[in-house]
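Written below as structure tokens is the structure these notes are about.
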Ligand SMILES: Cc1cc2nc3c(=O)[nH]c(=O)nc-3n(C[C@H](O)[C@H](O)[C@H](O)COP(=O)(O)OP(=O)(O)OC[C@H]3O[C@@H](n4cnc5c(N)ncnc54)[C@H](O)[C@@H]3O)c2cc1C
Ligand code: FES
């Protein structure tokens with residue numbers, strides 16, 4: 588699909604926990620071609636009024652009402668500024684960007700860490716709409732970092748791992764008991780060390796594993812080369828256009 592530059596109107600900005608917020612953004616144009624795992628590039632003005640564009644994954648789409656949902660974590664300049672945006676304000680957004688997830692397998696296992704859990708929601712919904720209830724593991728440091736878990740729970744079998752044991756199983760996602768269950772494909776998004784550990788687990792168990800990388804980006808359209816990643820075979824890939832979703836065995 589052709590990339591579009593459109594103004595979206597903020598319908599809601601809801602704090603999900605001390606770190607993350609949910610943006611409900613309404614568009615005048617159809618969002619029907621947006622796939623799970625794709626991202627958008629949002630324009631935010633910093634305190635000096637310089638324009639920054641920031642990549643944020645698609646969390647959910649209401650295809651009938653043209654509503655885009657994003658979950659954003661406050662990390663630095665742009666995301667903190669964005670956290671203060673109010674209902675009725677408008678945001679310039681380039682979309683859809685990246686390749687997105689291919690919907691494969693009959694028994695998918697989705698593993699998200701921190702805010703990386705956000706893009707797995709639309710993926711879980713795509714499976715659910717096909718009559719497949721995915722298994723979902725969500726990992727976080729503490730219960731304060733979790734968000735919208737009941738919405739994930741409604742789409743499949745959810746198991747939570749927290750490092751401090753405040754909710755669910757204590758420990759990392761790689762020790763979650765759901766890993767012992769029957770699955771035929773893994774999709775993961777989260778911190779790189781977590782995704783590498785998940786990819787290693789998948790390799791040992793001879794299961795395909797798709798990872799969604801979050802390299803630092805600027806243009807989001809393959810022009811600046813600041814998001815380049817070296818493949819296992821030494822070949823360079825552009826995460827914003829060739830990815831962000833890759834078959835783990837191609838990159839690690
Ligand atoms: C394809 C893609 C999808 C993403 N999806 C989401 C999402 O759904 N929700 C979300 O909250 N964030 C997401 N991110 C990360 C988000 O883009 C960054 O957090 C954001 O750009 C930070 O901007 P900032 O101005 O607030 O921080 P800055 O002031 O630019 O940076 C603050 C600190 O965060 C670090 N940082 C910034 N960006 C990244 C990054 N991409 N990876 C690792 N460290 C970084 C910087 O090194 C710095 O230390 C995604 C990134 C990519 C590439
Ligand atoms: S962000 Fe510019 S090439 Fe990928």
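Numbering (our numbering), first residue to last: 588 to 839.
No residue lacks a Cβ here, since even glycine has one placed at the ideal position from N, Cα and C.
Since this is a predicted model, take the numbers as computed values, not measurements.
Point to revise | Spatial distance of residue 614 from residue 596 (CA atoms) | key: Here the question's residue 614 lines up with position 27 in the chain shown. Here the question's residue 596 lines up with position 9 in the chain shown. Cα-Cα distance, rounded: 7 Å.
Within the chosen definition, does the stretch 602–612 reach the stretch 651–659 through at least 3 CB pairs nearer than 8 Å?
-> yes
- Item | Where the alpha helix (DSSP H) containing residue 666 begins and where it ends | What you label residue 666 is simply residue 79 of the chain shown in a count that begins at 1. Its alpha helix (DSSP H) spans residues 664–669.
Bridge-paired residues (DSSP) for residue 716:
Walking along the chain shown from the start, residue 716 turns up at place 129. For residue 716, which the question treats as bridged, DSSP gives no partner whatsoever.
### Query
In angstroms, rounded to a whole number, what distance separates the CA positions of residue 798 and residue 671?
Indexing the chain shown from 1 puts residue 798 at position 211. Indexing the chain shown from 1 puts residue 671 at position 84. Rounded to whole angstroms, residue 798 to residue 671 spans 31 Å at the Cα level.
**Study point:** Buried versus exposed, by CB contacts within 10 Å (16 or more), residue 771
**Key:** Taking the first residue of the chain shown as position 1, residue 771 is located at position 184. Looking at its Cβ environment, which holds fewer than 16 other Cβ atoms inside 10 Å, residue 771 is exposed.
- Query: Residues in its own chain within less than 6 Å of residue 708 by CB, not counting five upstream and five downstream?
  - Reply: For the purposes of this step, residue 708 is taken as residue 121 along the chain shown, with counting starting at 1. If we look at residue 708 and ignore the five residues flanking it on each side, its Cβ neighbours are 646 and 647.
Checklist entry - Any heavy atom of ligand 1 within a distance shorter than 7 Å of the CB on residue 802? => result On the chain shown, position 215 is the one that residue 802 refers to. It does: the Cβ of residue 802 is within 7 Å (strictly closer) of some heavy atom of ligand 1.
**First and last residue of the uninterrupted alpha helix (DSSP H) at residue 645** = The count along the chain shown starts at 1 and reaches residue 645 at position 58. Neither: residue 645 is in no alpha helix (DSSP H) and is coded neither H nor E.
Express the C-alpha separation of residue 704 and residue 763 in angstroms, rounding to a whole number. Working through the chain shown from its first residue, we reach residue 763 at position 176. Working through the chain shown from its first residue, we reach residue 704 at position 117. Spanning the two alpha carbons is a distance of roughly 16 Å.
Rounded to whole angstroms, how far is the Cβ of residue 774 from the Cβ of residue 688, which I believe are closer than 8 Å?
-> Walking along the chain shown from the start, residue 774 turns up at place 187. Walking along the chain shown from the start, residue 688 turns up at place 101. That belief holds up - the Cβ atoms of residue 774 and residue 688 are roughly 6 Å apart, short of 8 Å.
| query | Alpha carbon to alpha carbon, how far is residue 808 from residue 623? | reply | Within the chain shown, the letter at position 221 stands for residue 808. Within the chain shown, the letter at position 36 stands for residue 623. When rounded, the distance between both Cα atoms is 18 Å.
**OP:** Put residue 761 into one of helix, strand or coil per three-state DSSP.
**Re:** Position 174 of the chain shown, counted from the start, is the residue given in the question as residue 761. If DSSP states are grouped into helix, strand and coil, residue 761 belongs with the helices.
Inter-stretch contact at 8 Å, needing at least 3 Cβ pairs: the stretch 714–734 / the stretch 744–754:
yes
Check: Do the CB positions of residue 680 and residue 737 come within less than 8 Å of each other?
Finding: Counting from one through the chain shown, the residue named residue 680 turns up at place 93. Counting from one through the chain shown, the residue named residue 737 turns up at place 150. No, these two residues do not count as a Cβ contact at 8 Å.
### Query
Once you ignore the five residues that flank residue 768 on each side, which residues in its own chain have a CB closer than 7 Å to its CB?
Against the chain shown, residue 768 aligns to sequence position 181. Within the same chain, residue 768 has close Cβ partners 722.
Do the CB positions of residue 761 and residue 784 come within less than 8 Å of each other?
Taking the chain shown and counting its residues from 1, one reaches residue 761 at position 174. Taking the chain shown and counting its residues from 1, one reaches residue 784 at position 197. Taking 8 Å as the Cβ cut-off, residue 761 and residue 784 qualify as a contacting pair.
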